[in-house]
Each structure stands twice: as C-alpha cells, then as structure tokens.
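Undergrad:
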Ligand code: ADP
Ligand code: MG
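In my numbering, the protein residues as written are 5 to 252.
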C-alpha cells in the first residue's frame with residue numbers, strides 16, 4: 005500500500021481564458037523526492053502556488069497528510085507542514101541572515117532562545133553560519149537560495165516544495181544544495197522539486213512528473229519518463245528523435 009503525503013485530484017487553475025493547470029491529478033509518496041519537469045509555461049509554478057494556497061483553485065482538491073486542505077491559506081498550510089520556496093528569491097535585504105531566519109513566524113510555542121538555537125543549527129547545517137550577521141543583500145544568488153531553504157526549515161516541514169533550487173547557482177553551491185536535500189530526505193522530509201537541469205533531476209529525483217500545457221502528462225522514474233513518447237513530443241514538438249534523453 006502506498007502512503008501518500010500529498011494528493012491532488014483534478015486540480016484546476018485558470019487565468020481568464022488560459023487553463024494553467026488542467027485537472028492535475030498527482031500523488032507524492034511520503035519520503036520520496038519527486039521531480040517536476042516541463043517546458044516553460046507548462047504550469048509547474050502555478051501548481052505550487054495552488055497547492056500552497058497562494059492561488060485559489062478553480063476546481064479539484066488538495067489532500068495533505070490525510071486532511072483535505074483545499075483552499076487553505078499559505079500561512080495555515082505552512083504551519084500544517086508544507087514548506088515552499090519561490091522561483092524568485094526575496095529575502096529581506098536590509099536585514100542580516102540571522103534576522104531573516106528569526107523573522108519566520110513559527111508560532112509553535114517555542115521561546116526566543118529555542119528559536120535562536122534552531123536558527124543557529126539550521127544555518128550551521130546549510131553552512132551559512134559564517135555570514136549569519138551579514139546583511140542578506142551581500143549574499144550571492146545561491147546563498148540566498150540556501151537562506152530561503154533555511155527559512156522554510158524553521159517551520160520543520162514534512163513536505164518541502166522547491167521551485168528551481170539550482171537555477172542561477174554556481175556548480176559548487178548547486179551540489180551543496182543537492183547534498184542538503186538528500187540529507188534532509190534521509191531524515192524523513194519529502195520533497196517536490198521543479199528543476200530544469202536534467203542531470204540534477206536524474207541524480208536527485210526518485211520519480212518524475214511531467215507537465216505540458218497545463219496537463220500532467222507522465223510520471224515514472226527518470227529513465228521511464230525520458231523514454232515516454234508523449235514526453236518526447238512535448239519537448240520536441242512532435243518530431244522523432246533517436247537519442248535517449250529528453251533534450252532540454
Ligand atoms: P512554469 O512554471 O511551468 O514555467 P507557470 O505556472 O509559471 O509555468 O505558467 C503557466 C501559464 O500560466 C503561463 O502561460 C503563464 O503565463 C500563466 N500564468 C502564470 N501565472 C499567472 C498569473 N498570475 N496571471 C496570469 N497568467 C499567469
Ligand atoms: Mg516556473
């Protein structure tokens with residue numbers, strides 16, 4: 005029996021005449037790292053926004069860890085256990101890294117000291133503790149992505165949804181981010197990760213969901229989906245290719 009932590013059923017989001025998510029049915033198993041791939045504009049970020057309460061769905065449902073959480077607001081979902089990062093990171097630039105961490109409203113009854121300790125541990129884990137008292141504006145794009153992950157971890161989420169965690173990040177930092185995701189996953193955190201880099205996806209994801217034009221068109225392990233005819237068509241525009249990998 006599978007143990008789904010997240011399940012969407014016919015989840016739909018429209019922007020006027022455009023259906024950005026068209027009846028997306030998708031389940032994520034507890035403990036896995038799920039990748040989401042798909043061409044630009046295929047609805048990946050919209051899916052995150054609808055699941056995490058930033059958009060009100062036009063149809064369908066979202067179940068998380070046994071609860072129907074459809075229509076819940078972002079704040080409530082975050083406290084319930086869904087953490088997420090954004091494609092465009094936006095730390096409070098005039099605050100220090102530590103202040104950014106402490107600005108997360110945990111509301112779990114922990115004292116100021118406990119919160120400071122937790123922030124310290126997370127910054128150490130992510131190896132950003134040496135810049136803890138620097139202003140966030142001085143961080144590289146990659147370090148800002150680590151800070152954003154750190155802020156998400158302050159809420160001790162069961163599920164973390166990452167929107168392009170490696171985009172614009174230098175290779176050394178990228179491999180560190182991937183290591184952190186693996187370590188957190190080993191400790192039981194489930195991940196859903198949107199990522200364009202196929203090499204990252206191949207090594208990171210246990211299974212991959214493919215989006216195309218607002219539809220969830222395929223799911224399986226990396227090898228399966230990269231062989232899938234409809235996936236090839238989505239990426240190749242209907243031409244037949246001889247090579248084995250999805251060319252993006
Ligand atoms: P992806 O993340 O896969 O690149 P998005 O989910 O960002 O795709 O976008 C899917 C489609 O929805 C695109 O055509 C995009 O222009 C449109 N879209 C996304 N967000 C909005 C919005 N807030 N208002 C109007 N259209 C939007
Ligand atoms: Mg996107």
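Just so it is clear, CB atoms sit at the ideal spot from N, CA and C, and this is done for glycine as well. The model shown is predicted, which means the values in this text are computed figures rather than measured ones.
1. Quick test of your reading: residue 224 and residue 234, contact by CB under 8 Å. State the CB separation rounded to the nearest angstrom.
2. Take every Cβ of the stretch 31–46, pair it with every Cβ of the stretch 198–216, and state whether three or more of those distances are shorter than 8 Å.
3. Can you find the residues in the same chain that come closer than 7 Å, C-beta to C-beta, to residue 252, ignoring five residues on each side of it along the sequence?
4. Answer yes or no: do residue 87 and residue 164 have a C-beta to C-beta separation smaller than 9 Å?
5. Check this for me: beta carbons of residue 52 and residue 215, under 9 Å apart or not?
6. So is the beta-carbon of residue 54 under 8 Å away from any non-hydrogen atom of the ligand MG?
7. Is it buried or exposed, residue 169, if we count other Cβ atoms within 10 angstroms and call 16 or more buried?
8. Examine the ligand ADP and report whether any of its heavy atoms sits within less than 8 Å of the Cβ of residue 171.
9. Quick one: grab the DSSP three-state call for residue 60.
10. Thinking C-alpha only, which one of 92, 117, 123 is nearest residue 104?
11. If you follow the alpha helix (DSSP H) that residue 182 is part of, which residue opens it and which one closes it?
12. Closer than 8 Å to a non-hydrogen atom of the ligand ADP - does that hold for the CB of residue 253?
TA: So, from the data block:
1. Contact flag wrong, Cβ pair sits at about 12 Å.
2. yes
3. Residue placement at residue 252 is flagged as unreliable, the pLDDT there being 48, under the threshold of 50; the coordinate-derived value follows with that caveat. Result list for residue 252: 200, 202, 239, in chain order.
4. yes
5. no
6. no
7. buried
8. no
9. coil
10. 123
11. 175–190
12. In the structure displayed, the chain extends from 5 to 252; residue 253 sits before or after that span and is not available.
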